[in-house]
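Reading through the structure tokens given below for one structure.
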Amino acid sequence: MSGNKKAFYFLLIPVLLWLVLLIIIPHIDLFISSFKVDGDSSSAFSLENYTIFFEEKIYWFTFLNTVLYAIGITLLAFVVTFPVAFYLTKVVDRKYASFLTLMLLIPLWVGELVTIYGWVIILGDHGVINESLKWLGIIDKPLPLLYNNFSMSIGLLYMSMLFMTIPVMTTLESLDDSLIEAASDLGASKFTIFRRIIIPHAMPGIVNGGIIVFMLVIGDYVAPNILGGKSNLWFTEQIYNQFLSTFNWNQGAAFGFLLLVISSAVIWMALKLSGQKLEKVGS
Amino acid sequence: MIRSLPNSPLYKYGYRFYITLFFIFLVLPLIAISVLAFNDSNSIALPWHGFSLDWFFANNDNRVGLFHDEDLLRSIWISVETAFAMAILSTVVGTMAALLFEQEKFKFKGLLYFFAIAPLVIPGVILGISILLSSSYVGEILDTKFGIDTEVFSPGFWLVVFGQFSFGATYALLLVSARLKKFDPQLEEAALSLKASRLQAIRYITIPFLKPAIIGAFAVTFIMSFSNFNTTIFLVGSDPTLPVELFSRIKFSSTPVLNAVSFMIVLFITIVATISLFTNRKK
Numbered sequence: 234m235s236g237n238k239k240a241f242y243f244l245l246i247p248v249l250l251w252l253v254l255l256i257i258i259p260h261i262d263l264f265i266s267s268f269k270v271d272g273d274s275s276s277a278f279s280l281e282n283y284t285i286f287f288e289e290k291i292y293w294f295t296f297l298n299t300v301l302y303a304i305g306i307t308l309l310a311f312v313v314t315f316p317v318a319f320y321l322t323k324v325v326d327r328k329y330a331s332f333l334t335l336m337l338l339i340p341l342w343v344g345e346l347v348t349i350y351g352w353v354i355i356l357g358d359h360g361v362i363n364e365s366l367k368w369l370g371i372i373d374k375p376l377p378l379l380y381n382n383f384s385m386s387i388g389l390l391y392m393s394m395l396f397m398t399i400p401v402m403t404t405l406e407s408l409d410d411s412l413i414e415a416a417s418d419l420g421a422s423k424f425t426i427f428r429r430i431i432i433p434h435a436m437p438g439i440v441n442g443g444i445i446v447f448m449l450v451i452g453d454y455v456a457p458n459i460l461g462g463k464s465n466l467w468f469t470e471q472i473y474n475q476f477l478s479t480f481n482w483n484q485g486a487a488f489g490f491l492l493l494v495i496s497s498a499v500i501w502m503a504l505k506l507s508g509q510k511l512e513k514v515g516s
Numbered sequence: 015m016i017r018s019l020p021n022s023p024l025y026k027y028g029y030r031f032y033i034t035l036f037f038i039f040l041v042l043p044l045i046a047i048s049v050l051a052f053n054d055s056n057s058i059a060l061p062w063h064g065f066s067l068d069w070f071f072a073n074n075d076n077r078v079g080l081f082h083d084e085d086l087l088r089s090i091w092i093s094v095e096t097a098f099a100m101a102i103l104s105t106v107v108g109t110m111a112a113l114l115f116e117q118e119k120f121k122f123k124g125l126l127y128f129f130a131i132a133p134l135v136i137p138g139v140i141l142g143i144s145i146l147l148s149s150s151y152v153g154e155i156l157d158t159k160f161g162i163d164t165e166v167f168s169p170g171f172w173l174v175v176f177g178q179f180s181f182g183a184t185y186a187l188l189l190v191s192a193r194l195k196k197f198d199p200q201l202e203e204a205a206l207s208l209k210a211s212r213l214q215a216i217r218y219i220t221i222p223f224l225k226p227a228i229i230g231a232f233a234v235t236f237i238m239s240f241s242n243f244n245t246t247i248f249l250v251g252s253d254p255t256l257p258v259e260l261f262s263r264i265k266f267s268s269t270p271v272l273n274a275v276s277f278m279i280v281l282f283i284t285i286v287a288t289i290s291l292f293t294n295r296k297k
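In structure tokens form, the structure reads like this:
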């Protein structure tokens, strides 16, 4: 074996082990398990897990609800953080830019559990907001801010939005200021500059960020479970229940597979519509 | 609109106001946690009952502070061990994958690359359940057919490490690839023409060049592991990691000791972030 070949196999084998054992085989297993019926030891394939999904309204309705929420939170994350990304790359004094960018990273690094817990403290009946409003004499009884769809949405937005901001900032950094200056000199309004120059240039970042945000929200369990209400409808909770409470793994596998299909389909559509490739998402 | 163009005061101050609101939204949970960690109260939220270090140091019937809370301390230690193992594995295999995909040509490279970056868009729950399914399947076969009782395949430390590594390697691959793209291949060619083997060239030329990215990948994957919940929850055995322990405490028994541990995490991350700000500034 020549030295080059040796190096090639030295690199290839660990990578193959990773991909085959931890990515490819488990997903095939997920697919196969979803066609098996719990308690039935015969290896016959059955569609039962999927028919249950479509027959029980609670399942498909939760599924639909989750997908729509994930799309909504993704759009919201764009609207909320795009001005911030633009400000940090194009407007703020460069002195402060790196400091403020670092501030964006801190909640990400601290992690979801801690920040979601922070929102429990803020939104609860004796939380920061209710106690402040009481102290100011605006309310007598606490507002119902926690354990509903409002608090769930805040949590989902908070834990995902920075994954939109950072790729958008990367694309905006590569936008030459003189393009904006030229457009402005030629009399373009702010709105026109925004629509015709800034958005098209930032599009790859917006799509990358949108894909990551969507995937994080649709697969999240912590924010819906901790901040959402008792009767809230979130699909990953159904998957968790099947795996960790009722131990019907095959049913859970079918739910998991459906979640994988819908998230891949939405991501694929986003890539098609924007003419991008998956290879670019990570960069 | 941008630094070089004149702006109306309304635009300027309106924009600044929005950015201020955004950053308040961003740091509010972190500040609320940190302040209330020092509240002399048995409730996690307001009202404020005065300053106290009880939730760090107390050890009596009413209050058990962080430094006497055996379960919590143990979960922190488990998280550190897990993160260390996961970050080393991810960085090593991710770097190998970067070298493989950037520098080698082989059949099915595109397809393998697709699988390597797929974890970016696969929700963490799915990775968790599919790895749980296949590992328990393999464990069962080994047990029933061969009578081998293997702990590696049942939920526990190593399954968590491998589950997190399945996506950690993807991030390491992307971070190292980004730097490898800037590598001048002539450097390696020079080494090869001086009779170095390919592996020697990688060891003495390429790896030193990649060092900053490799260190970065280690740090990023370490933090990812330390805060991961969605994949970990399915693979964890009787030794919970910190996020898993936090989750069950938030759900079932929250005391301000949660604020104390969250405060320690926020403090640690802020210190790391400040150090990185100053080291970047020096360059």
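Those sequence lines, one after another, are chains A and B. The letter at position 255 of the first sequence is residue 488 when you use the numbering used here, and the numbering goes up by one with no holes. The letter at position 13 of the second sequence is residue 27 when you use the numbering used here, and the numbering goes up by one with no holes. Where a beta carbon is used, it is the ideal one built from N, C-alpha and C, also for glycine.
Distance, Cα to Cα, residue i vs residue j?
i, j, result
"Thr-469 of chain A", "Leu-201 of chain B", "49 Å"
"Leu-511 of chain A", "Phe-296 of chain A", "25 Å"
"Val-275 of chain B", "Asp-85 of chain B", "12 Å"
"Ile-500 of chain A", "Phe-243 of chain A", "34 Å"
"Met-234 of chain A", "Phe-115 of chain B", "In this predicted model, Met-234 of chain A has a pLDDT of only 47, less than 50, meaning its place in the structure is not dependable; the value taken from the coordinates is given anyway. Rounded to whole angstroms, Met-234 of chain A to Phe-115 of chain B spans 21 Å at the Cα level."
"Pro-437 of chain A", "Leu-337 of chain A", "20 Å"
"Pro-457 of chain A", "Tyr-218 of chain B", "49 Å"
"Asn-474 of chain A", "Ala-130 of chain B", "29 Å"
"His-359 of chain A", "Gly-370 of chain A", "15 Å"
"Ile-472 of chain A", "Phe-488 of chain A", "6 Å"
"Val-253 of chain A", "Trp-91 of chain B", "31 Å"
"Gly-461 of chain A", "Ile-451 of chain A", "14 Å"
"Phe-128 of chain B", "Asp-75 of chain B", "56 Å"
"Lys-297 of chain B", "Ile-38 of chain B", "Residue placement at Lys-297 of chain B is flagged as unreliable, the pLDDT there being 49, under the threshold of 50; the coordinate-derived value follows with that caveat. Going from the Cα of Lys-297 of chain B to the Cα of Ile-38 of chain B covers about 30 Å."
"Pro-398 of chain A", "Phe-264 of chain A", "Per the sequence presented here, residue 398 of chain A reads as Thr, with Pro not at that position. So the two alpha carbons sit approximately 34 Å from each other."
"Ser-290 of chain B", "Lys-269 of chain A", "51 Å"
Does DSSP put residue i in a helix, in a strand, or in coil?
i, result
"Phe-37 of chain B", "helix"
"Phe-268 of chain A", "coil"
"Ile-74 of chain B", "A quick correction: the sequence has Asn, not Ile, at residue 74 of chain B. Of the three classes helix, strand and coil, the one that applies to Asn-74 of chain B here is coil, per DSSP."
"Phe-65 of chain B", "strand"
"Asn-242 of chain B", "coil"
"Lys-297 of chain B", "Any reading at Lys-297 of chain B needs caution, since the residue's pLDDT is 49, under 50, leaving its predicted position unreliable; the model's value is listed next. Here Lys-297 of chain B sits in coil by DSSP."
"Asn-483 of chain A", "helix"
"Asn-465 of chain A", "coil"
"Asn-458 of chain A", "helix"
"Asn-56 of chain B", "coil"
"Glu-165 of chain B", "coil"
"Leu-378 of chain A", "coil"
"Pro-270 of chain B", "coil"
"Ile-258 of chain A", "helix"
"Ile-216 of chain B", "helix"
"Ile-16 of chain B", "coil"
"Val-361 of chain A", "helix"
"Leu-291 of chain B", "helix"
"Leu-477 of chain A", "helix"
Using 7 Å as the threshold, is the C-beta distance between residue i and residue j below it?
i, j, result
"Ala-318 of chain A", "Phe-447 of chain A", "no"
"Ala-205 of chain B", "Ala-215 of chain B", "yes"
"Ser-304 of chain B", "Glu-414 of chain A", "The structure shown does not extend to residue 304 of chain B, since chain B is modelled only from 15 through 297, so no value can be given for it."
"Leu-256 of chain B", "Ser-48 of chain B", "no"
"Thr-314 of chain A", "Met-394 of chain A", "yes"
"Trp-467 of chain A", "Thr-307 of chain A", "no"
"Asn-244 of chain B", "Gly-138 of chain B", "yes"
"Ile-342 of chain A", "Ile-45 of chain B", "Reading off the sequence, residue 342 of chain A comes out as Trp, not Ile. Cβ distance not < 7 Å, so Trp-342 of chain A and Ile-45 of chain B don't count as in contact."
"Pro-61 of chain B", "Gly-351 of chain A", "no"
"Ser-266 of chain A", "Leu-50 of chain B", "no"
"Ile-439 of chain A", "Val-494 of chain A", "no"
"Ala-240 of chain A", "Arg-212 of chain B", "yes"
"Leu-356 of chain A", "Ser-386 of chain A", "no"
So, at 7 Å on beta carbons, what are the nonlocal neighbours of residue i in its own chain, with the 5 sequence-adjacent residues on each side left out?
i, result
"Glu-406 of chain A", "Thr-322"
"Ser-239 of chain B", "Thr-96, Ala-97, Met-100, Ala-101, Gln-178, Gly-182"
I'd like to confirm something about residue i: is its beta-carbon nearer than 6 Å to some heavy atom of the ligand GDP, or not?
i, result
"Tyr-391 of chain A", "In terms of ligand content, the structure shown is empty, and the ligand GDP therefore cannot be addressed."
To which residues of the same chain is residue i closer than 6 Å at the C-beta, ignoring the five residues directly before and after it?
i, result
"Ile-459 of chain A", "Ile-349"
"Leu-194 of chain B", "Ala-112, Glu-116"
With a threshold of 8 Å on Cβ separation, who are the neighbours of residue i within its own chain once the five nearest residues in sequence on each side are excluded?
i, result
"Ala-538 of chain A", "With chain A running from 234 to 516 in the structure shown, residue 538 of chain A is simply not present."
"Asp-54 of chain B", "His-63, Gly-64, Phe-65, Ser-66, Asp-68"
"Phe-236 of chain B", "Ala-97, Phe-98, Met-100, Ala-101"
Discussion item. Across the stretch 104-113 of chain B and the stretch 223-236 of chain B, are there enough close Cβ pairs to call them in contact, namely three or more that are closer than 8 Å?
Written reply: yes
Worksheet entry | Three or more C-beta pairs below 8 Å linking the stretch 275-286 of chain B and the stretch 330-350 of chain A | yes
Item to complete: Say whether the stretch 284-300 of chain A touches the stretch 371-382 of chain A, bearing in mind that this needs 3 or more beta-carbon pairs closer than 8 Å, one atom from each stretch.
Response: no
Discussion item. Whether or not the stretch 246-254 of chain B and the stretch 124-142 of chain B are in contact is what I'm after, with contact meaning three or more pairs of Cβ atoms, one per stretch, closer than 8 Å; do they touch?
Written reply: yes
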